[in-house]
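*Asks:* Encoded as structure tokens, here's the structure I'll be asking about.
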Ligand code: F6P
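Below you can see the structure in the form of structure tokens.
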């Protein structure tokens, strides 16, 4: 028989993402609405191990929907990947009577949740919170839209100065092993080329397209490179291009962590609010637990955690053709 959930814990784990606060707020307020006690767990799984958890009321999450980062803080916790760490975490949850868990994070965080929920009688719900959008089973991840918009704003500014100096700019964006931030920001800023780990880049072809552009005096070129691309990021791509085009005026800009901060976009606040609410509803209903809740075709979509940690998003190669055509 399913146990009734009465006290839930919520944590954020892995890299922070704009909108995590909105998700925490939704979990806390939905939980309180249904008469559950909600505990905020500080620094992700580390807080479970260190017993760093506190009761959250509706007021605890006032004025955070618009804030980037995470009020619960976050961490990547190696200890939780050891059986002793998870046992310690479980005992601490038990002491507080917590019998349901909401984990907001990326695939690494879900690996932890998947292990934990398979070993102990505490149902978990994963909410995809990562700027990388590297997870299958959801059209969106909390934070991706904001990160892409931040990248777009930055790349637009780079284009102004690139244009003034006739420069080739190589802009590296985040995404770990995923090319989604590069693809979306690159398409939206009219980049000449986008280098992503999902598709092999033919460097010779890239060079000849730049040479061809040089011939017709198109000297302003933006290459958006995903940090996880085959060549090892923006600096490495710059070295390769410089070898082949020694006269090109090349600058590299690594956007880095500015992509992770800032106020969440409207879309990220909406997704986070909807998913936070759904996480609590699902824990209460009890039949779809140990899943990641995503949104597919505007409907809630439940992916078992063990599946969620295995699958990644793919990128339709047609996008790269679109980039080439539109940048010509
Ligand atoms: O997973 C989110 C992310 O921002 C990746 O895009 C990036 O590779 C990584 O985290 C950076 O992590 P850290 O902040 O620990 O350097």
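Numbering (this note's numbering), first residue to last: 157 to 484. Even glycine gets a Cβ: it sits at the ideal position worked out from N, Cα and C.
1) Can you find the residues in the same chain that come closer than 6 angstroms, C-beta to C-beta, to residue 432, ignoring five residues on each side of it along the sequence?
2) With DSSP as the reference, please indicate the residues paired to residue 196 in a beta bridge.
3) Suppose only complete runs of 3+ residues qualify. What are the beta strand (DSSP E) ranges in the stretch 266–299, listed by chain order?
4) Cutting at 8 angstroms between CB atoms, please list the residues of its own chain near residue 303, excluding the five before and the five after it.
5) I'd like to confirm the pairing. Which residues does DSSP put opposite residue 432 in its beta bridges?
6) Is residue 171 close to the ligand F6P? I mean its beta-carbon at under 6 angstroms from any heavy atom of the ligand.
7) Give me the residue from 477, 421, 443, 464 with the minimum Cα distance to residue 301.
8) Quick check on this structure: which residue in 253, 358, 201, 218 has the alpha carbon closest to the alpha carbon of residue 229?
9) Excluding five sequence neighbours on each side, which residues of the same chain lie with their C-beta closer than 6 angstroms to the C-beta of residue 340?
10) State the DSSP-derived secondary structure class of residue 382, mapped to helix, strand or coil.
11) Tell me the rounded alpha-carbon separation between residue 271 and residue 405.
12) If you draw a straight line from the alpha carbon of residue 333 to that of residue 299, how long is it in whole angstroms?
13) What residue range does the beta strand (DSSP E) around residue 122 cover?
14) Please tell me whether, using a cut-off of 6 angstroms, the distance from the CB of residue 264 to the nearest non-hydrogen atom of the ligand F6P is below it.
15) To the nearest angstrom, how far is it from the Cα of residue 252 to the Cα of residue 159?
*Replies:* Walking through what the data contain:
1) 179, 182, 183, listed in sequence order.
2) DSSP lists 166, 210 as partners of residue 196.
3) With a minimum length of 3 residues, the continuous beta strand (DSSP E) runs that stay inside the stretch 266–299 are 280–284.
4) Within the same chain, residue 303 has close Cβ partners 173, 174, 287, 330, 337, 415, 416.
5) Note: residue 432 sits in no beta bridge, so no partner.
6) Flag set: Cβ of residue 171 near the ligand F6P.
7) The residue with the shortest Cα to Cα distance from residue 301 is 421.
8) Ranking the options by Cα distance to residue 229, first place goes to 201.
9) Once the five neighbours on either side are set aside, the close Cβ partners of residue 340 are 304.
10) Annotated three-state conformation of residue 382 is strand, per DSSP.
11) In a straight line, the C-alpha of residue 271 is about 50 angstroms away from that of residue 405.
12) C-alpha separation (whole angstroms): 16 angstroms.
13) Here the chain has residues from 157 to 484 only, and residue 122 is not among them.
14) No - the ligand F6P has no heavy atom lying nearer than 6 angstroms to the Cβ of residue 264.
15) Cα-Cα distance, rounded: 16 angstroms.
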